[in-house]
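Residue numbers (my numbering), protein chains in the order written: chain A, 654 to 934; chain B, 153 to 488.
Don't be surprised by glycine CBs; every beta carbon is placed ideally from N, CA and C.
Everything on this sheet refers to the single structure shown next.
What follows is the structure in structure tokens.
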């Protein structure tokens, strides 16, 4: 992204996020509880995963980018989407979150059809999304970023904020600092923390380790595992395929908008074909 | 060499007027900067919004005066101010509903919005002239001075007098109160923070569930109040004339840009930078220099860098210099 002061694109400008009608009519689900997740065990439709984007076909208006692509994540598990550049990884993720119109296929959360909901409505349903870029409010303090993450909530948010600070202790020290002044890794922590403030049931991360150092990357992956342990499902797009598949319960290798391989993370790492064509031997 | 008289003369002709003018510009620039930060366009109709608010306030003032209601030493306009604010907010919300919202739905480019605001400006301009006429209106009443030059001279025995107009005092006090309230609102309330968040990153604000229409609504309400207050203070201090308010657009935009568009602190700093530059460049320094320099060095001319007719050139020059060398302004706002 160019960063001269004469240009400023002000955010992603994904036209599809911007809902001119404002947010959806649904309020935020009221939940109580000590741990981060709002995931109360609900009887899911038997056999179907917690969140699934099934047979998704569509693109940004022009030619289709996704061709019958399917991604899914089970409750409390980590699913990782990997693939070569231009494979439609981020597009698949955005499709699951409702940021582009699908021509075919369906998205279901906990057995409920949500294909037609706006992203805002999906947030209210318990999904949280961390975009790859512009994922924090740079001029707001860390604490205000977290508060804004919980904007839809009308109940007391101090407990959730405390949990985010426990997960990312460095943020507690920097709570009064403008988020834009933090390092790349810390900014990603703010971004994930902001998303966690809604107490989501599914956390979707678009390349959370893009542009951070390897040490910070390992640290972030550790935190992501920790979040998953609290019962939050995680759907993640990653460039660093090896490390990501190593922590994934389920991995999806996309090639040209289609599912090329789908298996557990470990099996994909050991799959000779995936290794040869994609992981580099 | 007479330092004391020099300081008093400087305060009387430069510092006090510039502080008052700077406060008025700052309040105006705050409105411009809020619209720019949140609605993301340069609102050319802001000067005429101020004129409209001031006009309603003047009409209410006349009505109060005809009823014999007054505030004693304070101008009656302060009592009429809430009427002006309510009417202006109603006008802005109506304009938004009828005009701007349409373009927002179209996701129009910022330059389209600027052109639209230009149209709105002409309509508001016409509206004001139609109702109150294009002429000068004086509506200041109450005590004229807090300290008059004669009283000051009698008090201190100095040759130079220091006059502080009531309007200048009211301007500064009101500006401080308004700015404090605004900053408290933006930094400590949920709505204020959501406005800042929306200004910072619109997409992420939407993802967080912030309702853009609400943010826009609050913005127009605050902008209406700020514009009316700024306009009334300016009118009390000088006089009300629709064309002058239209002309104020330039120094106000210069203030907002010098401070950094979208930055409220910047708008205030910019207001004072512009006001002090205008006043110091157009002031005839002869009087002050006469006290400071030895007699044989006394200047012959007025030592006025520029005639007051050129005061807008000063804002223009500063504006261009800032845009060339630091387009984000003093406080790192958004580039134009």
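Rounded straight-line distance, which links the Cα of residue 345(B) to that of residue 511(B): Past the boundaries of the shown model lies residue 511(B); chain B is included only from 153 to 488, so the question cannot be answered.
Residues sharing a beta bridge with residue 914(A), DSSP: The residue labelled residue 914(A) in the question sits at position 261 within the first chain. 906(A), per the DSSP bridge assignment.
Three or more C-beta pairs below 8 Å linking the region 153-160 of chain B and the region 376-393 of chain B: no
Whether residue 247(B) touches residue 408(B) by CB criterion (8 Å): Residue mapping note: residue 247(B) aligns to position 95 of the second chain, counting from 1. Residue mapping note: residue 408(B) aligns to position 256 of the second chain, counting from 1. The answer is no: Cβ separation not under 8 Å.
Chain B contacts made by the region 745-775 of chain A, where a contact means CB separation under 7 Å: Close to chain B, meaning a Cβ-Cβ distance shorter than 7 Å, are the following residues of the region 745-775 of chain A: 772, 773.
Member of 749(A), 790(A), 783(A) whose CA lies at the smallest distance from the CA of residue 771(A): Locating residue 771(A) in the first chain gives position 118, where the first residue counts as 1. When only C-alpha atoms are compared, the closest one is 749(A).
Neighbour flag for residue 346(B) against chain A, beta carbons, 8 Å: For this step, residue 346(B) is matched to residue 194 along the second chain. Yes, its Cβ sits closer than 8 Å to a Cβ of chain A.
is_contact[residue 360(B), chain A] using C-beta, thresh 8 Å: Within the second chain, residue 360(B) is the residue found at index 208, counting from 1. Residue 360(B) counts as touching chain A.
N- and C-terminal bounds of the beta strand (DSSP E) containing residue 761(A): Within the first chain, the letter at position 108 stands for residue 761(A). Its beta strand (DSSP E) spans residues 755-762.
Delimiting residues of the alpha helix (DSSP H) encompassing residue 351(B): Locating residue 351(B) in the second chain gives position 199, counting from the first residue. Start and end: 342-352.
Touching by the beta-carbon criterion (3+ pairs, under 8 Å), the region 171-181 of chain B and the region 418-433 of chain B: yes
Residue range of the unbroken alpha helix (DSSP H) whose run includes residue 879(A): Residue 879(A) sits at position 226 when you count from the first residue of the first chain. Per DSSP, residue 879(A) belongs to the alpha helix (DSSP H) from 867-882.
Contact set between residue 922(A) and chain B, taken where Cβ atoms lie within less than 9 Å: As a position in the first chain, residue 922(A) is number 269, starting the count at 1. Within chain B, no C-beta atom comes less than 9 Å from the C-beta of residue 922(A); the nearest is roughly 32 Å away.
Beta bridge counterpart(s) of residue 766(A) as assigned by DSSP: For this step, residue 766(A) is matched to residue 113 along the first chain. Residue pairing by DSSP places residue 766(A) opposite 761(A) in a beta bridge.
Inter-residue CB distance, residue 704(A) and residue 725(A) (contact presumed, cutoff 8 Å): What you label residue 704(A) is simply residue 51 of the first chain in a count that begins at 1. What you label residue 725(A) is simply residue 72 of the first chain in a count that begins at 1. Indeed, because the Cβ distance is near 7 Å, the residues count as touching under 8 Å.
Proximity test, Cβ basis, 8 Å: residue 356(B) and chain A: Reading the second chain from its first residue, position 204 is the one you call residue 356(B). By this cut-off, residue 356(B) is an interface position.
With 16 other Cβ atoms within 10 Å as the buried cut-off, status of residue 794(A): Locating residue 794(A) in the first chain gives position 141, where the first residue counts as 1. So residue 794(A) ends up on the buried side.
Residue 707(A) at chain B interface by Cβ criterion, 8 Å: Taking the first chain and counting its residues from 1, the one referred to as residue 707(A) is at position 54. Answer no: the Cβ-Cβ gap between residue 707(A) and chain B never drops below 8 Å.
Integer Cβ distance of residue 880(A) from residue 922(A), believed to fall under 8 Å: Stepping through the first chain from its first residue, residue 880(A) is reached at position 227. Stepping through the first chain from its first residue, residue 922(A) is reached at position 269. Contact doesn't hold; Cβ gap of about 22 Å is too wide.
CB contact check: residue 860(A) to chain B, cutoff 8 Å: On the first chain, residue 860(A) is found 207 positions in, with the first residue counted as 1. It does not; no Cβ of chain B falls within 8 Å.
Below-8 Å beta-carbon distance, residue 349(B) vs any chain C residue: Judged by its chain identifiers, the structure shown contains no chain C, and its protein chains are A and B.
Contacting positions in the region 176-208 of chain B - beta carbon closer than 9 Å to chain A: 192
Proximal residues, the region 277-288 of chain B versus chain A, C-beta separation under 9 Å: Cβ contacts with chain A come from no residue of the region 277-288 of chain B.
Nearest residue (CA-CA) to residue 930(A), options 715(A), 720(A), 736(A), 713(A): Position 277 of the first chain holds residue 930(A). Comparing Cα positions, the closest option is 736(A).
CB contact check: residue 668(A) to chain B, cutoff 8 Å: Stepping through the first chain from its first residue, residue 668(A) is reached at position 15. Because residue 668(A) carries a pLDDT of 44, less than 50, the predicted location of this residue cannot be relied on, and no value is offered for it.
Nearest candidate by alpha-carbon position, reference residue 903(A), set 706(A), 846(A), 917(A): Reading the first chain from its first residue, position 250 is the one you call residue 903(A). For the residues 706(A), 846(A), 917(A), the minimum Cα distance to residue 903(A) belongs to 917(A).
C-beta contact flag for residue 413(B) and residue 481(B) at 8 Å: Along the second chain, one-based indexing puts residue 413(B) at 261. Along the second chain, one-based indexing puts residue 481(B) at 329. Closer than 8 Å, so yes.
Contacts that residue 248(B) makes with chain A (C-beta to C-beta distance below 8 Å): Translated into positions along the second chain, residue 248(B) becomes position 96. In chain order: nothing, as chain A lies at least about 14 Å away.
Beta-carbon contacts of residue 173(B) that lie in its chain and below 6 Å, excluding the five residues immediately before and after: What you label residue 173(B) is simply residue 21 of the second chain in a count that begins at 1. Contacts found: 427.
For residue 764(A) and residue 732(A), the rounded distance between their alpha carbons: The residue given as residue 732(A) occupies position 79 in the first chain. The residue given as residue 764(A) occupies position 111 in the first chain. Using only the alpha carbons, I get a separation of about 18 Å.
Distance CB(residue 285(B))-CB(residue 318(B)) smaller than 8 Å: Here the question's residue 285(B) lines up with position 133 in the second chain. Here the question's residue 318(B) lines up with position 166 in the second chain. For residue 285(B) and residue 318(B), no; Cβs fall outside 8 Å.
Among 314(B), 354(B), 271(B), 371(B), nearest to residue 338(B) - alpha-carbon criterion: Numbered from 1 along the second chain, position 186 holds the residue referred to as residue 338(B). If we check each option's Cα against that of residue 338(B), 371(B) comes out closest.
Where residue 788(A) meets chain B, residues with beta-carbon distance less than 8 Å: Start at 1 with the first residue of the first chain, and residue 788(A) comes out as number 135. Correct list: 356.
Residue 157(B) at chain A interface by Cβ criterion, 8 Å: Against the second chain, residue 157(B) aligns to sequence position 5. Not a single C-beta of chain A is nearer than 8 Å to the C-beta of residue 157(B).
Cα-Cα separation between residue 753(A) and residue 320(B), rounded to whole angstroms: Locating residue 753(A) in the first chain gives position 100, where the first residue counts as 1. Locating residue 320(B) in the second chain gives position 168, where the first residue counts as 1. Going from the Cα of residue 753(A) to the Cα of residue 320(B) covers about 56 Å.
Separation of residue 359(B) from residue 684(A), as counted between CA atoms: Reading the first chain from its first residue, position 31 is the one you call residue 684(A). Reading the second chain from its first residue, position 207 is the one you call residue 359(B). Only weak support is given to the placement of residue 684(A): the predicted model assigns it a pLDDT of 40, under 50, and the question is left unresolved by the model.
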